[in-house]
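For the sequence shown, position 134 (counting from the first letter as 1) is numbered 341 according to the numbering used here, and the numbering increases by one without interruption.
Just so it is clear, CB atoms sit at the ideal spot from N, CA and C, and this is done for glycine as well.
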Amino acid sequence: MIRRAKRPAARLLVLDPQGRLLLFRFTPDDRPPFWVTPGGAVDRGETFEQAARRELREETGLLHDPGPEVAVRHVTFVTLEGIEVDAEERYYAVRVEETAIDTSGHTNVEQAFMLSHRWWTPEDLLAQEEVWYPVDLIDIWRDLLDSRSAA
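So this is what it looks like as structure tokens:
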């Protein structure tokens, strides 16, 4: 039986005023490029919400409290450092006015492999060829957009 490291993580669905979603493009050496939401591992002693706030600041420079938890995923994957993990990922919605992103807080690994970001519409993301995670991102995103329209 393969033993994997446990990895609690907070991830963020960052939406701009037009409902576009911020994603980062990873370009690892050992697999094709892929797009993911900002976020990362929960540090020892942190809550998921505290990790979400910290990751948002580190990866985007944005200073916002995480919004509501909108999804939970349990996934298995290999990190960029080559560690197999069982991850519990909690996703938080964050609506922002500003779209300028400051990546100066990126870790060395992020600086090496997370070289670009983009604000996407659902249609643009569906029209491109690269993989994105989580696989049901479009459904979660559209639910958020629908809830904003209903509010």
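#### Entry: Sub-7 angstroms separation of L219 and A258 beta-carbons
L219 places its beta carbon 7 angstroms or farther from that of A258.
### Task
Check whether the Cβ atoms of L222 and W327 lie closer than 7 angstroms to each other.
no
### Query
What are the partner residues of P215, as DSSP defines its beta bridges?
Looking at the DSSP output, P215 bridges to E295.
### Query
Does any residue of chain D bring its CB to less than 7 angstroms from the CB of T234?
Absent from the structure: chain D. Only one protein chain is present.
### Task
On a CA-only basis, which of P215, Q335, E305 and V277 is nearest R251? Give me that one, please.
P215
### Query
Per DSSP, which one or two residues make a beta bridge with W348?
According to DSSP, W348 bridges with nothing at all.
### Task
Evaluate R217 with the Cβ neighbour count: other Cβ atoms within 10 Å of its Cβ, from every protein chain shown; 16 or more gives buried, anything less gives exposed.
A quick correction: the sequence has Ala, not Arg, at residue 217. Around the beta-carbon of A217, 16 or more other beta-carbon atoms lie within 10 Å, marking it buried.
### Task
Could you check if T283 is buried or exposed, using at least 16 other CB atoms within 10 Å of its CB as the buried criterion?
exposed
### Task
With DSSP as the reference, please indicate the residues paired to T283 in a beta bridge.
D293
### Message
If I follow the unbroken beta strand (DSSP E) through L263, where does it start and stop?
### Response
Careful: L263 lies outside any beta strand (DSSP E), inside the alpha helix (DSSP H) at F255 to T267.
### Task
Following the continuous beta strand (DSSP E) through A319, name the residue where it begins and the one where it ends.
Note, A319: premise wrong, no beta strand (DSSP E); alpha helix (DSSP H) at N315 to F320.
### Message
By the three-class DSSP mapping on this structure, what secondary structure does R334 have?
### Response
Per the sequence shown, the amino acid found at residue 334 is Ala instead of Arg. Looking at A334 - three-state DSSP - the assignment turns out to be helix.
### Query
Should V285 go down as buried or exposed, given a rule of 16 or more other Cβ atoms within 10 Å for buried?
exposed
### Query
Taking Cβ positions, are V316 and L287 nearer each other than 7 angstroms?
yes
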